[in-house]
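Chains as they are written, first to last, in this note's numbering: chain A, 1 to 115; chain B, 1001 to 1114.
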């Protein structure tokens, strides 16, 4: 069964510093990969996705992620953190064999940004 | 395109009561998903539909839970004889199968069982 591991339930960075949120998946076949962001008491918003093609994908709000098959990873980065980036971030995967289908989520990483 | 909507946004109920939530997906989307999210956790899959057909149900979906999508548009999720452990955020998402693979989420319904 697929699973997703997000290393670090809480990450704190200073404004302007690099953001790195880690995600590893467990699957025999590389799945579709997603990062979502959730602000308090709201639904999830898609930041970026990897389905095929270029392994470095760019998303909204200056975020990007790189799919590394050999490491089964899909880490999320942003060169310079902004106060508005403070939120909960979820990595998720879905099965290629079902045109997507259900998402399996990691436990989430709460990002705090210090002024 | 108004996005995915859910109603109600908040529901407080007493243990043992039945509750029903509604989800309206993005109009052209043929897939509709239900997830449950408890505090500090990632969303957990409950069930999903393609058009009217319920294609998959999680083991989390006990006999007290039932979901429908009768006309392939909106969906309802009913919980019978609610328990305190049912307290959670219930999220709905929709997608267009075979075209793109991301799911678009609604704002959620927060259920509190007292």
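For glycine and all other residues, C-beta sits at the position ideal for the given N, C-alpha and C.
Keep in mind it's a predicted model, so treat the numbers as computed, not measured.
- By the CB criterion at 8 Å, residue 107 (chain A) and residue 26 (chain A) fall outside the cutoff.
- Each of B:1074, B:1020, B:1036 was checked against the Cα of residue 105 (chain A), and the nearest Cα belongs to B:1036.
- By the rule that beta-carbons nearer than 8 Å mark a contact, residue 1017 (chain B) does not touch chain A.
- The beta carbon of residue 15 (chain A) is closer than 7 Å to those of 81, 82, 83, 113, 114, 115 in its chain, skipping five residues each way along the sequence.
- Its Cα nearest to that of residue 1002 (chain B), the residue B:1029 stands out among B:1029, B:1020, B:1040.
- The beta strand (DSSP E) runs of length 3 or more contained entirely in the region 1010-1054 of chain B are, from start to end of the chain, 1010-1013, 1019-1024, 1031-1037, 1044-1050.
- Within the region 1055-1075 of chain B, those residues whose Cβ lies closer than 7 Å to any Cβ of chain A are, in chain order, 1056.
- Between the C-alpha atoms of residue 1021 (chain B) and residue 1071 (chain B) there is a straight-line separation of about 16 Å.
- Of the candidates A:68, A:78, A:49, A:48, A:78 places its Cα closest to the Cα of residue 62 (chain A).
- The three-state reading of DSSP puts residue 41 (chain A) in coil, since its state is none of H, G, I, E or B.
- Residue-level contact by beta carbon holds for residue 1105 (chain B) and chain A, with a gap shorter than 8 Å.
- Among the residues of chain A, those whose CB is under 7 Å from the CB of residue 1033 (chain B) are 102, following chain order.
- For residue 1101 (chain B), there is no enclosing beta strand (DSSP E), since its DSSP letter is neither H nor E.
- Not one beta carbon of chain B lies nearer than 8 Å to the beta carbon of residue 21 (chain A).
- Think of a sphere of 8 Å around the beta carbon of residue 1045 (chain B): the chain A residues whose beta carbon falls inside it are 102, 103, 104, in chain order.
- Spatial neighbours of residue 1083 (chain B) in its own chain (CB-CB distance under 7 Å, excluding positions within 5 residues in sequence) are listed in chain order as 1015, 1113.
- Within the region 33-52 of chain A, contact with chain B at the beta-carbon level (separation under 7 Å) is assigned to 34, 42, 43, 44, 46, 49, 51.
- With a threshold of 8 Å between beta carbons, residue 108 (chain A) makes contact with chain B.
- With respect to the 8 Å criterion, residue 36 (chain A) and residue 20 (chain A) are not classified as neighbours on the basis of their beta carbons.
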